[in-house]
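Residue numbers (my numbering), protein chains in the order written: chain X, 487 to 710; chain A, 11 to 208. Worksheet: the structure to be examined is printed underneath.
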């Protein structure tokens, strides 16, 4: 039961993008097409899974003083693996994700899960946590991308839709559209949860590896 | 040196391909540290400084060390380590020798390690095969664009803080909507670069 909770928590209750507001850069940038969103989601989940497994296995061996450099190297190594796999097997996706593929290495969701979960829990739980957070990230990206692709390009997964394909609003695929759709999603989450979605100091900013040095955490947290 | 080409790269990085508003790089610090003008300027200058420094260091590493030995695929791991080390060194040097500057930028420096804008500028320099001088201009322009967006956005945000949006839109959503409007304004610069020299 507790394990099921670990798995599902990342999908809805602590959705990394829509509730914790982490990883905003890839969420906004690659969500112009549903296909790219799935590709980015899968690549990020792979890195998350790999880093969570290795970090939880080594959690008693990594000295806490140098843990952040260790996490950085591990996460970056898995990112390189993901990058090479996507380049080899899905070249069109590799081209459309562009710079955001290597940037998985600095995705705060992965750091947050490493620091807050994998470094304190057993491997099996860490795997569930990674899958849950990864699925949450992918679904959030897919939701944003669906709205942007359907209204912006009049298609979904590249299949052109009747009527909409002739009456598309290109702004949805451009940068301002990304900000607006993302804002509406967060507002929707606020509306449904009546503003009770999260206590910011507990999650989000505090999970960031820079949190200790940042000094913003003790005040109010980065976001709020 | 191709002076016109440099100006085109510069203008394109600052206005047309603005890192935050067009390419969505470095959105976290953009939304997080834009509460008051003093901290947003500090963050902007720190980003500009680290971007330039990181490009100075990573370009030769990629060209003469990794690329020359067929290790180009290692750039993500190497760059992120170099940037992390660099930020630490800068912090120590500033603390020891230039305390006033450390007081102003010190808080923001640790955040640079995991900032996607810094890694992105170094990677785009090498993946677009820019020369060393072009990389410098690109890094400086990107940093300047970030600084400009940050300072402009802070001024907008101080106005929205005082207003009363609908309840669910309070906080982050209204901030994102303001960012969208600022991003729309930057679309006016589309075509500036192409027509710069007639």
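Here a beta-carbon is modelled for each residue, glycine too, at the ideal position from N, C-alpha and C. Keep in mind the model is a prediction, meaning the values are calculated, not measured.
Query: Please say whether residue 86 (chain A) and residue 565 (chain X) have beta carbons closer to each other than 8 Å?; Result: yes
Query: For residue 172 (chain A), is the classification buried or exposed, using 16 other Cβ atoms within 10 angstroms of its Cβ as the cut-off for buried?; Result: exposed
Query: So residue 37 (chain A) and residue 514 (chain X) are in contact, right, with Cβ under 8 Å, and what is the actual spacing, rounded?; Result: 6 Å
Query: Could you confirm whether any beta carbon from chain X is found closer than 8 Å to the beta carbon of residue 84 (chain A)?; Result: yes
Query: Tell me whether residue 27 (chain A) counts as near the ligand MN, meaning its Cβ is closer than 7 Å to at least one heavy atom of that ligand.; Result: Only the bare structure without any ligand can be found here, which leaves the ligand MN out of the picture.
Query: What residue ranges within the segment 512 to 576 of chain X form continuous alpha helix (DSSP H) runs of no fewer than 4 residues, ordered along the chain?; Result: 520 to 543, 553 to 575
Query: Whose CA, out of X:604, X:615, X:594, X:665, lies closest to the CA of residue 633 (chain X)?; Result: X:665
Query: Are the C-beta of residue 565 (chain X) and some C-beta of chain A separated by less than 8 Å?; Result: yes
Query: When we look at the beta-carbon of residue 593 (chain X) and count the other beta-carbons within 10 Å, is it buried (16 or more) or exposed?; Result: buried
Query: Between residue 514 (chain X) and chain A, is there a C-beta pair that is closer than 8 Å?; Result: yes
Query: Listed from N- to C-terminal order along the chain, which residues in the segment 492 to 518 of chain X have their beta-carbon within a distance smaller than 7 Å of any beta-carbon of chain A?; Result: 507, 510, 511, 514, 515
Query: Using beta carbons (cut-off 8 Å, strictly below), is residue 37 (chain A) in contact with chain X?; Result: yes
Query: So residue 71 (chain A) contacts chain X; which residues on that side make the cut at Cβ distance below 9 Å?; Result: By Cβ distance, chain X contributes nothing, its closest Cβ being about 15 Å from residue 71 (chain A), past 9 Å.
Query: Are the CB atoms of residue 34 (chain A) and residue 511 (chain X) nearer to each other than 8 Å?; Result: yes
Query: Give the DSSP bridge partners of residue 19 (chain A), in chain order.; Result: Paired residues: none, contrary to the question.
Query: So, at 7 Å on beta carbons, what are the nonlocal neighbours of residue 440 (chain X) in its own chain, with the 5 sequence-adjacent residues on each side left out?; Result: Because chain X spans 487 through 710 in this model, residue 440 (chain X) falls outside it and cannot be assessed.
Query: With C-beta atoms as the reference, is residue 582 (chain X) less than 8 Å away from residue 599 (chain X)?; Result: no
Query: Which residues in the same chain as residue 154 (chain A) place their Cβ atom closer than 7 Å to its Cβ, once the five residues preceding and following it in sequence are excluded?; Result: 24, 58
Query: Given this structure, state the Cα-to-Cα distance separating residue 680 (chain X) from residue 184 (chain A), to the nearest angstrom.; Result: 16 Å
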